[in-house]
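Visitor:
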Amino acid sequence: MKKMFNFDYFNIWKEIGYFYLVKAVFRKEKINVCEKRILIINPCIIGDFAASVPAIADFIQRNKDKKIDLIVSAPLKTLAEKIKGIEKVYTTQSVSKISYEKIILLRATGEVYDFLKKVSACGVQTNGWTFIWYAFHLLMSLLLRRAPKQWRVVNFEMLGGAPRNISFDEMFKLGPEDYKSANKVIIHTGASWPMMHWEKEKWVELLRKINTFGTFEFIFVGAAKDSEDYEYISSNLPFEIHSVISKIDLLELMLLLRSADYFIGIDSGPANLAHLAKLRSIVIFGPGPHMFVSDDTNDIIIDKSNGRGLYQRFFLKKKGFIQMISSEEVFQAFIKLYRK
692 MKKMFNFDYF
702 NIWKEIGYFY
712 LVKAVFRKEK
722 INVCEKRILI
732 INPCIIGDFA
742 ASVPAIADFI
752 QRNKDKKIDL
762 IVSAPLKTLA
772 EKIKGIEKVY
782 TTQSVSKISY
792 EKIILLRATG
802 EVYDFLKKVS
812 ACGVQTNGWT
822 FIWYAFHLLM
832 SLLLRRAPKQ
842 WRVVNFEMLG
852 GAPRNISFDE
862 MFKLGPEDYK
872 SANKVIIHTG
882 ASWPMMHWEK
892 EKWVELLRKI
902 NTFGTFEFIF
912 VGAAKDSEDY
922 EYISSNLPFE
932 IHSVISKIDL
942 LELMLLLRSA
952 DYFIGIDSGP
962 ANLAHLAKLR
972 SIVIFGPGPH
982 MFVSDDTNDI
992 IIDKSNGRGL
1002 YQRFFLKKKG
1012 FIQMISSEEV
1022 FQAFIKLYRK
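In case it helps, the numbering used here puts the sequence shown at residues 692 to 1031.
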């Protein structure tokens, strides 16, 4: 059943209830002194986190008189610790007993009950109505075939800021000692949902074409499930490619993206991190709505859905929008990006 229905994308609707359950539980907490410390709760997947970082950085810059702590999902911790101005980074399993002036929820999950027992605050901002509005906005965007408001913009609004471009160096505190590798083209093929997976055979064709165009080093990134793609692609190419799949954490991935020349991949968490790293990118899209589009006009998106895809977003179909994209189209996009 799970292979026929996209449960991952459905999670955004599941979170709505948690926002209000969290607030109901938290009202029981009372403290007498409000410390100048704010906790931002943001346990989410990679792509959502990458889209939220500019808004978090902007919030820190607007609240320099406050200490800002952050709760993230465990895989995000090492990267989150490099955000400028963040005092402490916790996972949902590692929160210490501490008091806050305010707690702000950007995301809510079933795990929030455990760490709410360990913290107290003078106030809590759940952003529940914003989340409800955005969930239905995404649904209507699919039905009306319109581009949705970007999740990056919504995060600015939840944190009380105005959307703006923030440079990488404003967001992260990374020095020369952090950089260990200098690489060229970063490739990410993986997708948790088949309707967003571009065929392995097309990746082989694409890399063959790029390799004849010039001299490039191809580095594959992703999770363990992406190893199957890499093994097939590498075994069908007459030249060497490389993989750091499941070998590096998110901080090391960000450093790799920051030191690379190009990114080519599907709409995913690594693609969002590439946008955050200001890495020139080509992103291959499946069904809409497309809530993670780069705000850099130099980047290229390849999309056949035209904002459509309600059925394909949730249900398996034999031939989807992403399968309509040819290796030649992506190759021509790469030439365009290269010549820029």
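Every residue, glycine too, gets a C-beta built ideally from N, C-alpha and C.
#1: Among Ile939, Arg999, Phe1022 and Lys900, which has the Cα closest to the Cα of Val912?
#2: For Ala765, does the count of other Cβ atoms within 10 angstroms reach 16, so buried, or fall short, so exposed?
#3: Using the Cα positions of Phe976 and Ile1013, report the straight-line distance between them to the nearest angstrom.
#4: Please name the residue, chosen from Leu730, Lys995 and Gln816, that lies closest to Gly1111 on a Cα-to-Cα basis.
#5: Would Asn997 and Ala742 be called neighbours here (beta carbons separated by less than 9 Å)?
#6: Taking the continuous alpha helix (DSSP H) assigned at Glu908, which residues delimit it?
#7: In chain order, what residues of the same chain lie with their CB nearer than 7 Å to the CB of Ala873, ignoring the 5 residues before and after it?
#8: Would you give the residue range spanned by the beta strand (DSSP E) that Ser972 belongs to?
#9: Within 9 Å of any Cβ in chain D, is that where the Cβ of Ile795 sits?
#10: Within a Cβ cutoff of 7 Å, which residues of the same chain sit near Leu770, ignoring the five residues on either side of it in sequence?
#11: Who are the Cβ neighbours of Ile789 in its own chain at under 7 Å, not counting the five residues just before and after it?
#12: Work out the CA separation of Glu919 and Glu931 for me, nearest whole Å.
#13: For Leu797 and Pro980, I'd like the C-alpha separation in whole angstroms.
#14: Is it a yes or a no for the segment 885–892 touching the segment 848–859, going by three-plus beta-carbon pairs under 8 Å?
#15: Which of the three DSSP states is assigned to Asp760 in this structure?
#16: Classify Phe827 as buried or exposed, calling it buried when 16 or more other Cβ atoms lie within 10 Å of its own Cβ.
#17: Using only the alpha-carbon positions, how far apart do Met831 and Asp739 sit?
#18: Let me check one thing: in DSSP terms, what residues is Leu730 bridge-paired to?
#19: Assuming Ile795 contacts Leu850 (C-beta within less than 8 Å), just tell me the rounded distance between them.
#20: Below 6 Å CB to CB, which residues in the same chain sit around Asn846 once its five sequence neighbours on both sides are set aside?
#21: Name the DSSP bridge partner or partners of Val815?
#22: Any idea if Met862 is buried or exposed, counting beta-carbon neighbours within 10 angstroms, 16 or more meaning buried?
Guide: In brief:
#1: As a first step, residue 912 is located in the sequence shown; it is residue number 221 there, counting from the start. The shortest Cα separation from Val912 among Ile939, Arg999, Phe1022 and Lys900 belongs to Ile939.
#2: Working through the sequence shown from its first residue, we reach residue 765 at position 74. With fewer than 16 other Cβ atoms within 10 Å, it is exposed.
#3: Against the sequence shown, residue 976 aligns to sequence position 285. Against the sequence shown, residue 1013 aligns to sequence position 322. Near 6 Å, if we compare the C-alpha coordinates of Ile1013 and Phe976.
#4: Residue 1111 lies beyond the residue range present for the chain, which begins at 692 and ends at 1031; the question has no answer from this structure.
#5: By 1-based counting over the sequence shown, the position of residue 997 is 306. By 1-based counting over the sequence shown, the position of residue 742 is 51. Contact: no.
#6: Position 217 of the sequence shown, counted from the start, is the residue given in the question as residue 908. DSSP places Glu908 outside any alpha helix (DSSP H), giving it a letter other than H or E.
#7: Start at 1 with the first residue of the sequence shown, and residue 873 comes out as number 182. Only weak support is given to the placement of Ala873: the predicted model assigns it a pLDDT of 38, under 50, and the value that follows is read from those uncertain coordinates. Cβ neighbours of Ala873 beyond the five flanking positions: Ser950.
#8: The sequence position of residue 972 within the sequence shown is 281, counting from 1. Where Ser972 is concerned, the enclosing beta strand (DSSP E) stretches over Ser972 to Ile975.
#9: No chain D is part of this structure, which consists of one protein chain only.
#10: The sequence position of residue 770 within the sequence shown is 79, counting from 1. Cβ neighbours of Leu770 beyond the five flanking positions: Leu941, Leu942 and Met945.
#11: Residue 789 sits at position 98 when you count from the first residue of the sequence shown. Same-chain partners within the cutoff: Val810.
#12: Position 240 of the sequence shown holds residue 931. Position 228 of the sequence shown holds residue 919. Going by the C-alpha atoms only, they are around 17 Å apart.
#13: Translated into positions along the sequence shown, residue 797 becomes position 106. Translated into positions along the sequence shown, residue 980 becomes position 289. Near 20 Å, if we compare the C-alpha coordinates of Pro980 and Leu797.
#14: no
#15: Here residue 760 refers to the residue found at position 69 of the sequence shown. In this structure, Asp760 counts as strand in the three-state DSSP scheme.
#16: The count along the sequence shown starts at 1 and reaches residue 827 at position 136. By the neighbour-count rule (16 or more Cβ atoms within 10 Å), Phe827 is not buried but exposed.
#17: What you label residue 831 is simply residue 140 of the sequence shown in a count that begins at 1. What you label residue 739 is simply residue 48 of the sequence shown in a count that begins at 1. Cα to Cα, the separation comes out at about 20 Å.
#18: Along the sequence shown, read from residue 1 onward, the residue named residue 730 stands at position 39. In the DSSP output, where bridge partners are listed per residue, Leu730 has Asp760 and Ile794.
#19: One-based indexing of the sequence shown puts residue 795 at position 104. One-based indexing of the sequence shown puts residue 850 at position 159. About 7 Å separates the two Cβ atoms, so the contact holds.
#20: Taking the first residue of the sequence shown as position 1, residue 846 is located at position 155. Once the five neighbours on either side are set aside, the close Cβ partners of Asn846 are Ser743 and Ala746.
#21: Residue mapping note: residue 815 aligns to position 124 of the sequence shown, counting from 1. DSSP output for Val815 lists Ile794 as bridge partner(s).
#22: For the purposes of this step, residue 862 is identified with residue 171 of the sequence shown, where counting begins at 1. Counting Cβ neighbours within 10 Å, Met862 comes out buried, since at least 16 surround it.
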